[in-house]
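First up is the structure itself, then whatever we jot down about it.
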């Protein structure tokens, strides 16, 4: 019975004496802005440029198809009074077919761009995660938080390691 009363007391005194020692242990915390690292790194800039070229190419293709459909619609409207019902129906059918084809192309293009953006982002993110992990171990960090996604309401500039992560990532890509 006496040992049961003694155990909580012993735990209390143990916690009382260990708390200052644990509090004195310095915890090293860093934050990194992954989005910024992705945008400002050499690989991120290359990926953005590559993606932008793809967007411009698809926009050019879509613009020419849209111009073709617009011209077909205008021609149909101009000639509707002089065409026979059969000819008008054929032109309308052709117009509707090309319009659906164009809408399908727009949808497919958007999906393709989203897929490519995700692939490029995932590759860079995977590389950055490895860099951050190695950096954290090498520099003795206990924890590195993502600046924009976590509940970091304030972080001193001295804990923001984004610039160093970008430099390490760029250096790792130069050596490949």
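In this note's numbering, the protein residues as written are 29 to 204. Using N, Cα and C, we set each Cβ at its ideal position, and we do this for glycine too. From a predicted model like this one, the values you see are computed outputs, not experimental measurements.
| When the Cα of residue 200 is compared with those of 158, 77, 189 and 107, which residue comes out closest? | 158
| said: Using the three-state DSSP reduction, which class does residue 173 fall into: helix, strand or coil? | reply: strand
| request: Could you check the C-alpha separation between residue 193 and residue 103 for me, to the nearest Å? | output: 58 Å
| task | Go through its chain and collect everything with a Cβ distance to residue 50's Cβ below 8 Å, but skip five positions before and after it. | result | Unreliable placement is indicated for residue 50, whose pLDDT of 49 sits below 50; no coordinate value is reported for it.
| Is residue 59 helix, strand or coil when you go by DSSP? | strand
| task | Pick out whichever of 111, 120 and 77 has its Cα sitting closest to the Cα of residue 98. | result | Of the listed residues, the one whose Cα sits closest to residue 98 is 120.
| Presumed contact (8 Å Cβ cut-off) between residue 169 and residue 57, rounded CB distance | 7 Å
| request: Can you tell me the Cβ-Cβ gap for residue 190 and residue 64, rounded? I've got them flagged as a contact below 8 Å. | output: 5 Å
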